[in-house]
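Colleague: Provided herewith is a single structure, encoded as structure tokens, for subsequent inquiry.
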Amino acid sequence: MFDNIGGKIKNLARTTCILGIIGSIIVAIALFSSNSNYEPTIGAGFAWLIIGPLVSWLSCLTLYGFGELVENSTAILNTLTSSKHHHVNAISAVQDETNWICSTCGTSNPHYIGRCPNCNTYR
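If you want our numbering, it's the 1-based position in the sequence shown plus 16.
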């Protein structure tokens with residue numbers, strides 16, 4: 017349910033925008049068809065036809081932008097998490113290269129120790 021929430025927010029923004037545009041066009045058509053000499057509605061119809069879709073599009077931009085922000089945050093988090101594991105692996109690899117293994121007991125010892133603390137064997 018909460019997987020790919022950024023994509024779902026963006027789809028909701030697209031759907032809301034499309035429904036708002038369609039609704040504005042329907043209201044404009046209804047105003048055009050109900051025009052009479054006593055109540056002229058042509059101006060209101062044109063206003064709904066022009067301003068309605070524009071307002072719908074502008075209001076959905078923030079929701080779409082929020083979905084984009086959530087997607088990018090997730091991608092950044094995944095990148096940082098994978099690079100952190102890579103960094104830890106690189107550090108342990110470097111430590112393994114600088115350590116020496118005791119020939120008697122097989123203990124891994126730091127490079128600055130000349131004698132194995134486990135069995136007192138010299139390097």
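C-beta atoms are modelled at their ideal positions from N, C-alpha and C, and glycine is treated no differently.
All figures in this text were calculated on a predicted structure; none of them were measured in a lab.
Using C-beta distances below 6 Å, list every residue in its chain close to Cys33, excluding the 5 sequence neighbours before and after it, in chain order.
Modeller: Here the question's residue 33 lines up with position 17 in the sequence shown. Excluding positions up to five away in sequence, the list reads Ser72, Trp73, Cys76.
Colleague: Let's test the definition: count the other Cβ atoms within 10 Å of the Cβ of Cys132 and tell me whether it reaches 16, buried, or not, exposed.
Modeller: Here residue 132 refers to the residue found at position 116 of the sequence shown. Its Cβ being crowded by 16 or more others within 10 Å, Cys132 is buried.
Colleague: With which residues is Trp116 paired in a DSSP beta bridge?
Modeller: Stepping through the sequence shown from its first residue, residue 116 is reached at position 100. BP columns for Trp116 point to Asn125.
Colleague: If we ignore side chains and look at the alpha-carbon of each, how far apart do Cys135 and Ser99 end up?
Modeller: As a working mapping, residue 135 is identified with position 119 in the sequence shown. As a working mapping, residue 99 is identified with position 83 in the sequence shown. For Cys135 and Ser99, the distance between alpha carbons rounds to 38 Å.
Colleague: Following the continuous alpha helix (DSSP H) through Asn53, name the residue where it begins and the one where it ends.
Modeller: Against the sequence shown, residue 53 aligns to sequence position 37. That residue, Asn53, is in no alpha helix (DSSP H); it is neither H nor E in DSSP.
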